[in-house]
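Following the UniProt record's numbering, the numbering of the sequence shown begins with 1 at its first residue and continues without gaps. For every residue, glycine included, the Cβ atom is placed at its ideal position computed from N, Cα and C. Predicted model only: the values in this text are computed from it and were never measured.
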Amino acid sequence: MTEPRWFRDDDSFGVLDDHDEVIGRNLYRDVENPAGTKQRVFPGVFVHPDHRGVGLASQLVKHSIDISLDEGFRIVPICPYVAEWMREHDGGSYMQYRDEPGAEHFNESN
């Protein structure tokens, strides 16, 4: 694969290979907390086994979070990989945009 080819649909950011096959997704769901803050919940990131180990998940998470921040969302990382990525990249600077997951973030009806 050359450069990542990003796409977005109603519930995920994703990446395609050179044959237009989906090889990675970072799922999301948008909610608004009672104070009116826009939050983007990330429950899971997935990369096809044939494409693991080359940093694709990290690129996908960065792409997803950067777009979400540009759109004015706070980040709620339910996915352990996304939570760890936020702690470890850019000296932890992404942590200022993180909201801790609560019970309401696990409820699909929000």
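Residue i versus residue j - alpha carbon distance
i   : j   : result
G14 : N26 : 6 Å
R98 : R74 : 6 Å
I78 : T37 : 17 Å
G91 : E3  : 25 Å
R52 : D9  : 22 Å
I65 : Y81 : 13 Å
H19 : W6  : 13 Å
P50 : P43 : Note on identity: in this sequence residue 50 is Asp, with Pro being the wrong assignment. If you take the alpha carbons of D50 and P43, they lie about 22 Å apart.
S93 : D70 : 15 Å
Reference residue i, options the options, closest by Cα
i    : options               : result
M95  : P43, K62 and D18      : K62
H105 : H48, P34 and S64      : P34
D11  : H51, S68, G92 and Y81 : S68
G24  : D66, L60 and H89      : L60
S58  : G102, D20, F7 and A83 : A83
H89  : G55, D18 and G102     : G55
E100 : D18, R5, Q39 and F7   : Q39
Sequence-distant residues of its chain with Cβ nearer than 7 Å to residue i (five each side left out)
i   : result
V22 : G14 and L16
R87 : M95
Whole-angstrom C-beta distance between residue j and residue i, which should lie under 8 Å
i   : j   : result
S28 : V47 : This sequence places Tyr at residue 28; Ser is not what is there. With a Cβ gap of about 16 Å, Y28 and V47 do not count as contacting.
Distance CB(residue i)-CB(residue j) smaller than 9 Å
i   : j   : result
V45 : V76 : no
Neighbourhood of residue i by C-beta, 6 Å cutoff - its chain only, sequence neighbours within 5 removed
i   : result
L72 : For clarity, residue 72 is Gly in the given sequence; the question names Leu instead. Within the same chain, G72 has close Cβ partners K38.
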